[in-house]
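Residue numbers (the working numbering): 25 to 439.
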């Protein structure tokens, strides 16, 4: 289906103005952000819930492992995101079940019957049900907007979603302080309900070729992933797999620093997690304004090297909360800049009809490495100090940055 035939695709004008005139895009942002803000509340709450119910970094690592492993399976479901008649079907099918699972988590924890197996089982259910919406999220901006508008779209969604995410993490932190992590589960369920209501009016049509069956659609997605001179997407996947292994340690590191360094661990945890998200919002807005289409690879290389250096420092600074918070702001800024540049490149360069499959195929690599990283780093966090944990993470990101710099298919990415 040509760009002009997609309902709600705006005229090919660059910048924020044309993006803000696209009503379907703004409605999609509202629906998806209600769900993702809920996920922000869930993300800050579930790590703390796992730690406070087990007092084990290994269990926290296990929780993160099963979450990343479930996300790695997105590539198996992604063809449905590219072939569904209207993406709203995906949201209306997944959000209510996730909400029910979140409520079950909250009730089980409140009643004191949340065992580790039950915790893991419910997290698997919630995570698997994120796979289809996540694949759809990656495809939707390109289905509704032009390639030239993708960085601006990232800025718009970053401004709206980022502000809401900050509020979500902050609210989750307040709930941890007032009623415990269980409050976040109930709020997560409510926000999924809001996302479901807004999704009713969505009209996002991937428009698959009618002659292409599911197996052929699956094969075409992998063919695109392996295509191109020097196979640049596979080069990007190799870098992404390395950084993914160490990104899995971010939530563990915040928990480790909060518990071992500060007197009121829950307050420090809530603040640092929220500040980390603030840095991510700053990255969204900055890249949306700069729109570095011709330097996407350079942004990825630079941010990996920069975040590696910050991680080397963050575990070594004195326990001054303000200073530590500034460093976590920078970590959020650099890690989000890497992700923004990567997904803007994919949305701007990959055919919209295959975008859900290609992004999900690439996530298979980072998802597997993140799952392994969560287990390994979870065990490590229980036996080392924040200083050595930071050195491990920093060294890992520096390796990823140097590899990206050495691969012409990564450092030269543009669209």
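Virtual Cβ for every residue (Gly too), placed ideally from N, Cα, C.
The segment 255-270 makes contact with the segment 377-394: 3 or more CB pairs, one atom from each, lie closer than 8 Å.
Here residue 225 carries a coil assignment [DSSP, helix/strand/coil]. In the displayed model, residue 62 falls within a helix according to three-state DSSP. Of the residues 70, 119 and 410, the one whose Cα lies closest to the Cα of residue 147 is 70. Below 8 Å, too few C-beta pairs join the segment 79-93 and the segment 115-128 to call them touching: fewer than three. For residue 284, the number of other beta carbons within 10 angstroms of its own is below 16, and it is reported as exposed.
Only buried fits residue 366, as 16 or more other CB atoms lie within 10 angstroms of its CB. In this structure, residue 301 sits away from residue 219, with a CB-CB distance that is not shorter than 8 Å. Linking residue 155 to residue 338 through their CA atoms gives a straight-line distance of about 33 Å. Assignment of alpha helix (DSSP H) within the segment 381-418, counting only whole runs of 4 or more residues, yields no such run. Here residue 325 is not near residue 415, since their CB atoms are 8 Å or more apart. In this structure, residue 201 places its C-beta atom within 8 Å of the C-beta atom of residue 290.
Measuring C-alpha to C-alpha distances from residue 265 to each of 304, 420 and 436 identifies 420 as the nearest. Secondary structure at residue 294: helix, using DSSP grouped into helix, strand and coil. For residue 142, same chain residues with a beta-carbon under 7 Å away, outside a window of 5 residues either side, are 132 in chain order. When C-beta atoms of the segment 297-313 are compared with those of the segment 375-389, fewer than three pairs fall below 8 Å, so the two segments do not count as touching.
Distances from the CA of residue 437 to each of 159, 108 and 323 were compared; the closest alpha carbon is that of 323. Taking C-beta atoms as the reference points, residue 336 and residue 418 count as a pair closer than 8 Å. Counting the other CB atoms within 10 Å of its CB gives residue 371 a total of 16 or more, which places it among the buried residues.
Taking C-beta atoms as the reference points, residue 68 and residue 196 count as a pair closer than 8 Å. For residue 284, the enclosing alpha helix (DSSP H) has its first and last residue at 273-285. Residue 347 is classed as exposed because its beta carbon has fewer than 16 other beta carbons within 10 Å across all chains shown. Per the C-alpha coordinates, the member of 49, 81 and 288 positioned closest to residue 184 is 49.
Beta-carbon to beta-carbon, residue 352 and residue 296 are separated by about 5 Å, close enough to satisfy the 8 Å threshold.
Inclusion of residue 207 and residue 199 in the CB contact set at 8 Å is warranted, their separation being smaller than that value. Listed in chain order, the alpha helix (DSSP H) elements of length 4 or more contained wholly in the segment 108-136 are 112-134. Its Cα nearest to that of residue 58, the residue 161 stands out among 373, 161 and 425. Nearest to residue 56 by alpha-carbon distance, out of 205, 384, 188 and 294, is 188.
The closest CA to that of residue 62, considering only 262, 190 and 144, is found on 190. Taken through DSSP and simplified to helix, strand or coil, residue 264 comes out as helix. One thing to note: residue 426 has its Cβ no nearer than 8 Å to the Cβ of residue 259. Within the segment 299-346, the alpha helix (DSSP H) runs of at least 4 residues that lie entirely inside it are, in chain order, 320-338. For residue 140, the enclosing alpha helix (DSSP H) begins and ends at 140-168. Per DSSP, the unbroken alpha helix (DSSP H) holding residue 91 starts and ends at 81-96. Shown here, residue 103 sits in a helix according to DSSP, grouped into three states.
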